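Chemist: There's a structure below that I have some questions on.
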Amino acid sequence: SCELFLQKHYEKEPYAILKYPDNYRIGSVFSMIVFDLDVTDFQYAFRLDGPYDEKKGLLFDRNKVLLDPYAKAVIGRSETGYRGRVVRNNFDWGTTKPSTTPLSDLVIYEMHVRGFTKDPSAKATYPGTFHALIEKIPYLKELGVNAVELMPIFEFDEMRDYRIVNGKEIIDYWGYNTVSFFAPNTSYASGAEGSHVGYELKQLIKALKDNDIEVILDV
Numbered sequence: 003s004c005e006l007f008l009q010k011h012y013e014k015e016p017y018a019i020l021k022y023p024d025n026y027r028i029g030s031v032f033s034m035i036v037f038d039l040d041v042t043d044f045q046y047a048f049r050l051d052g053p054y055d056e057k058k059g060l061l062f063d064r065n066k067v068l069l070d071p072y073a074k075a076v077i078g079r080s081e082t083g084y085r086g087r088v089v090r091n092n093f094d095w096g097t098t099k100p101s102t103t104p105l106s107d108l109v110i111y112e113m114h115v116r117g118f119t120k121d122p123s124a125k126a127t128y129p130g131t132f133h134a135l136i137e138k139i140p141y142l143k144e145l146g147v148n149a150v151e152l153m154p155i156f157e158f159d160e161m162r163d164y165r166i167v168n169g170k171e172i173i174d175y176w177g178y179n180t181v182s183f184f185a186p187n188t189s190y191a192s193g194a195e196g197s198h199v200g201y202e203l204k205q206l207i208k209a210l211k212d213n214d215i216e217v218i219l220d221v
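Read in order, the letters of the sequence shown correspond to residues 3 to 221 in my numbering.
Encoded structure:
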């Protein structure tokens with residue numbers, strides 16, 4: 003069985019837990035529409051129930067709240083644990099077109115989103131963010147770069163191996179421990195966490211491509 007776990011932003015208690023009716027499924031795929039909710043006010047997750055048998059790879063635990071692996075925005079790790087957000091697909095790409103530059107003609111700059119502009123010498127308005135990369139497009143053009151390869155930009159657990167070494171806090175920097183392959187990393191946004199980070203990433207991609215710089219994503 004499956005339950006939809008609804009929660010208002012930054013509230014610890016669930017707003018509602020809705021069980022999927024048995025006839026709202028095809029095989030193992032559940033489907034349900036919830037009316038009269040403002041999606042901007044809510045985050046969501048799932049709870050699944052079923053057999054528990056480690057030898058068979060069955061690890062159901064209905065008490066665990068699970069992130070939607072297809073969530074397009076992730077929120078709340080620091081408060082309630084990972085939750086998904088619904089993202090409206092309304093970004094205006096204008097006249098931006100797919101890449102036409104042959105691979106053999108690409109001059110690729112591989113970069114880490116945070117590391118590229120985090121230092122004060124970058125003089126970025128919001129250091130270490132997607133927004134800051136937009137500010138550095140003229141610099142990339144000066145270098146003759148026509149493609150950027152972004153090291154992992156998807157949501158990952160920066161606190162997975164958190165530790166203190168010689169009095170300095172150490173977190174996961176590189177991002178090769180992805181939590182959600184469909185959600186941009188929240189901490190790379192210039193604003194508050196949530197669906198805005200996806201909008202900001204799209205702004206970056208559009209700005210790069212409008213300046214004849216192709217975008218490659220590392221995973």
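Glycine included, C-beta positions come from ideal geometry on N, C-alpha and C.
Please read all numbers here as calculations on a predicted model, not as lab measurements.
(1) Looking at L68: is its Cβ nearer than 8 Å to the Cβ of L50?
(2) From the DSSP output, which residues share a beta bridge with V217?
(3) Would you give the residue range spanned by the beta strand (DSSP E) that F184 belongs to?
(4) Short check: CB of L8 to CB of Y22, under 8 Å?
(5) Can you tell me which of the three DSSP states F37 falls into?
(6) With respect to the beta strand (DSSP E) encompassing V167, which residues constitute its N-terminal and C-terminal limits?
(7) Just the Cα atoms here: how many angstroms apart are G29 and T97?
(8) Along the chain, where does the alpha helix (DSSP H) that runs through I207 open and close?
(9) Since Y190 and R116 should fall inside the 8 Å C-beta cutoff, what is the C-beta to C-beta distance between them, to a whole number of angstroms?
(10) Have a look at the DSSP bridge pairing and note the partners of E5.
(11) Return the first residue and the last residue of the beta strand (DSSP E) that F156 is part of.
(12) Quick one: complete alpha helix (DSSP H) runs, 4+ long, within the stretch 94–140?
(13) For G52, count the other beta carbons within 10 Å of its own beta carbon; 16 or more makes it buried, fewer makes it exposed. Which is it?
Modeler: With the given structure in hand:
(1) Yes, they are a contact pair.
(2) Beta-bridge pairing links V217 to V150.
(3) Taken as a continuous stretch (DSSP letters only), the beta strand (DSSP E) holding F184 covers 180–186.
(4) Y22 sits away from L8, with the two beta carbons spaced by 8 Å or more.
(5) Here F37 sits in coil by DSSP.
(6) Start and end: 165–167.
(7) Each residue's alpha carbon lies about 41 Å from the other.
(8) Element bounds for I207: 198–212.
(9) Right, the Cβ-Cβ distance comes to about 7 Å (below 8 Å), so this counts as a contact.
(10) Checking the DSSP bridge columns, you'll see E5 partnered with K21, R49.
(11) For F156, the uninterrupted beta strand (DSSP E) segment begins and ends at 156–158.
(12) Annotation: the stretch 94–140 contains the following complete segments of the alpha helix (DSSP H) (minimum length 4 residues), in chain order: 115–119, 132–137.
(13) Using a 10 angstroms sphere on the CB of G52, the tally of other CB atoms stays under 16, which defines it as exposed.
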